[in-house]
Structure formats: structure tokens, C-alpha cells
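Heads up: the structure comes next, in C-alpha cells.
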Amino acid sequence: MFELAKQRLEPIFKYIEVDEEVIKRLSVSKRAIIASIPVRMDDGSLKVFTGYRVQYDDTRGPTKGGIRFHPRVNLDEVTSLSFWMTVKCAVAGLPFGGAKGGVMVNPKELSKMELERLSRGYIRAFADVVGESRDIPAPDVYTNSTIMGWMADEYGMISRRQVPAVITGKPVHLGGSEGRESATGQGALYALNEYIRRTGGNPSEMTIAVQGFGNAGYNFARLAQREGYRVMAVSDSAGGIYSTVNLNIEDIYRFKQEQSQLASVYCDGSVCNLLEFENVSNEELLTLDVDILVLAAMENQITQLNAREIKAKTVLEIANGPVTPQADEVLEENGIMVIPDVLANSGGVVVSYFEWVQNRSGLYWEEEEVNQKLQKIMSKEANVVYDLALKHECSLRTSAYIHGVERLAGAIVERGNKRFFSKESHKA
Ligand code: NAD
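Taking the working numbering, the leading residue of the sequence shown gets 4, the next gets one more, and so forth.
Shown next as C-alpha cells:
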């Protein structure tokens, strides 16, 4: 996966000159740590989980990246995610490098107290390498604000002082930022809106299918619907639902919260009675005839195997790495525009940055102010990416990487490169 992730750099060399030292630096992670996390289970037994933290590059500032709790977490995945975080923070112009963390665990099999012990155990294992000016974790798949609150508390106990800025995505009452919960979905919507505006589209004429109905997918669907887009299908790991009319996202969310998975709203409850529902598998959802396909679940969802079946004209990547490089080529051939992850899902880390700033300054902003600042950054950076794509006649992914790597290269070269330290330059 990491080799595939790095392949994203290659197309940009056709358009811009990148110092060879920058390529060398961006080809490997700065630091990767694997730790055992022993957890006392409710029945008294001991389980040892494997935890990861990869700090990919910190040239532009302390590293930043979420922590994932998932059975398939491994070093390769965490390294790829940390690489994407590095590019993403640069695309958004944040003073952060990239990192990522994870624990190989199925959190749905743990009780709440076991989950708390695991979360606190993760921080004890990595306390020496994280820190408000060093590496700042945040939520990712199957971690949330409650878990971030436990983690910040544990770090405070280890440090024997309050350090809320060590972790972002905390509950608002524990120093979290207003607007963080919906930031990834909101940011993706701002990036999409700019694209639709520039291509002369009208949101109320656009249909959408959303894969993944967690924090990012649900908030995106809810907010997009509020702006007039029509959300026709949503899915989670158990399957999906499709309707020929606009789905009622808030009702579906309420059902999901009550029943804990979308499968439970297939056929009973008021929503099914009111709307004409069809069940769709996750594979089918990807190939629905909608205008915009939103990927908000996991990596590698569109591959060589299904890329030719995609009918949507625009793919919005809210998940990290949901389209493989080979699938990208097929989508491009078929004229399908992909708004890439390193731009589309950066709203989460932008508001995480706002949370970090608020924690460090002690001054807290209202949600309206957070969203205004988020919109300003998302719209500005999205337009730079869209302009670069027009200028170079390349995909939005390539232009986003050009934008991010130019910023990273600036920072790496400013710290001195071969030319700077050569004999020639000493003579001068
Ligand atoms: P989450 O845990 O809140 O939700 C994940 C959702 O995906 C769940 O609804 C789950 O059932 C569903 N899912 C899992 N496997 C699936 C599959 N094979 N098909 C369909 N649905 C599936 O996680 P999240 O925070 O919403 O993150 C989703 C994606 O967005 C991840 O790739 C994450 O890295 C990315 N992301 C999240 C944030 C954030 O702030 N939350 C920021 C940037 C990127």
C-alpha cells in the first residue's frame, strides 16, 4: 500500500522540477514505532494489542495525524496514511507535518471500560514521542471524541499538568473546538461546492451516493442535503440503502444510532414505510447512476476490477486512499473527475489545527467563526488546486500533489540542500 501511495508523487515530476533531496526525504518516514499495549479485560484476563505511530515528516512543523482502531491496522497502512497526512497538511497550508497511528483491534468486541483502558494504554506506550510541539494525534476510523478525551487526560496525568493541545478532536467540554465533529464533511462540501460552482453545476440538480456513514460520511450527507444536493444512497460496513427520492439523512442517522447499523433500517421503522427503499450492497452502491460518488469509508474501494463500472461523473474522496493509482487511470480515461483525498478530506485537520491554536492561546471561538475560517482555507486551497489542474492540463490529484510538494520542497530546501553546502556556494 505504501508503495502505491508513493506512486502518487511520480506524475508531478512531468510538470515541476523537484530537488532530488526533497524526493529522497519524502520517500521514507522519519520515525516508525511499534509498541505492545497490555490491557486488563473485564473478565480479569490480559490481552496484548499491537499499536503503531508513524511520524512521516516534520519539516513544516510538529507532526499531526489520527489514530485508527481497526482489525486490519498494520505498519504499511499506518505509514501510507502518515504520508498522505504530510501531503494533506501541506496542501492546506498548515504548520504541521504528517503522522498517523493505529491499534490492531476490533473495537466493537470491547466493552467501554476495555476501550478506555486500551486508549489510555496507547498514550502510555507513545507518551515519549507525542506532545503539543512534537506530534499531535486526533480521531480516525473507529476512534472518536470520547477516546480523544481519555487520551488527553492520560497524557496530562503522565505530564503532571494540563496539556489539552496534545490531542485534537476532544469533546468540546474538554477543550475541543466547536465545529470539529462535522469538520471533515463540512470541509469536503466546501471543496465540492467550489468545483460545482466553477463547472457551472447546480447543487439541486445533483444526485449523490455516499459510501460510509460514520463521522465523515454522515456529516457530509447531512450538510450536502441542506445545501440542496439530493442524497440517493448511503451505506456502512453492513450494506446500504437506495431510494429514487432524496433519503432523509437525519432519520436514517437516528435509526442507525438506535440500532447501531444501517441494516436495521432496511425494512422496519417509519423511514422504510415512507420511502421506496431498495437494498444495495457496498459494491452496487459504487456503481449507481448518480452525479457524485462520495467515498467516506476505507482505502482501495475503487480498483482496476470495478473502475470501469463507475457511472458517476465526479468522485469525492473523503476517505484516505479509496481509489488505487491504476483505477485513477481508468477513471481519467472515462472523463470522471476525482476530487482527491489530500484536498477533499482536509477539513478535519484544518479544524484540528484551529483546536490546537485555541488550546494554546486559551481563547475559544464560536462554531460560526470556525466554519468561516474553514471555508476560507478550503475555498482558497481548492481554487489553487483547480487552477493548477487547468494550467498543467492534469488531474486534480496531480495538481493537489504539485501544490503540496511545492510547499514541502520549499521548507526542505530552505533548511539547506546539496547546492547550498557545495564548495561552489562556499566560495561565493
Ligand atoms: P468512522 O469510524 O466514523 O466511520 C467509518 C464508516 O465507514 C462507518 O459507517 C463504517 O460502517 C463504514 N465502513 C467501514 N467499512 C466499510 C465498507 N467496506 N463499505 C462501506 N462502509 C464501510 O470513520 P470516519 O472518521 O468517518 O472516517 C471515514 C474515512 O474518512 C476514513 O478513511 C478516514 O481516514 C477518513 N477521514 C476521516 C476524518 C475525520 O475527521 N473523521 C478526517 C480525514 C479523513
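For every residue, glycine included, the Cβ atom is placed at its ideal position computed from N, Cα and C. These numbers come from a predicted model, not from an experiment.
If the five residues before and after Ala35 are omitted, its C-beta is found closer than 6 Å to the C-beta atoms of Val57, all from its own chain and listed in chain order.
In its chain, beyond the 5 residues on either side, Glu181 have a beta carbon closer than 7 Å to the beta carbon of Glu369. The beta-carbon distance between Val213 and Gly204, rounded to whole angstroms, is 18 Å. This is too long to meet the 8 Å contact definition.
When Cβ pairs closer than 8 Å are counted between the two stretches, the stretch 128 to 147 is seen not to touch the stretch 329 to 347, the count staying below three. Counting along the chain, Ser148 sits inside the alpha helix (DSSP H) bounded by residues 148 to 162. Relative to the ligand NAD, Glu135 has its C-beta separated by 8 Å or more from all heavy atoms. The continuous alpha helix (DSSP H) containing Ser85 extends over residues 78 to 94.
If the five residues before and after Asn362 are omitted, its C-beta is found closer than 6 Å to the C-beta atoms of Pro167, Ala168, Gly178, all from its own chain and listed in chain order.
DSSP places Val237 within a strand segment (E or B) once states are collapsed to three. Contact between Gly172 and Ser355 holds, with the beta-carbon distance rounding to 6 Å and staying under 8 Å. By DSSP's assignment, Ile211 forms a beta bridge with Val234, Ile295. In summary, Phe16 is exposed, with fewer than 16 beta-carbon neighbours lying within 10 Å of its beta-carbon over all protein chains present.
Take the alpha-carbon of Lys394 and the one of Tyr245: they are about 38 Å apart. Using a 10 angstroms sphere on the CB of Glu13, the tally of other CB atoms stays under 16, which defines it as exposed. Counting other Cβ atoms within 10 Å of its Cβ, Thr247 stays below 16 and is therefore classed as exposed. For Thr306, same chain residues with a beta-carbon under 6 Å away, outside a window of 5 residues either side, are Thr327, Ala330 in chain order. For Ile15, no alpha helix (DSSP H) run applies, since DSSP gives it neither H nor E. Ordered along the chain, residues surrounding the ligand NAD are Pro142, Asp143, Val144, Tyr145, Thr187, Gln214, Gly215, Phe216, Gly217, Asn218, Ala219, Gly220, Ser238, Asp239, Ser240, Asn285, Ala299, Ala300, Met301, Ile321, Ala322, Asn323, Asn348, Gly351 [Cβ under 6 Å from any heavy atom].
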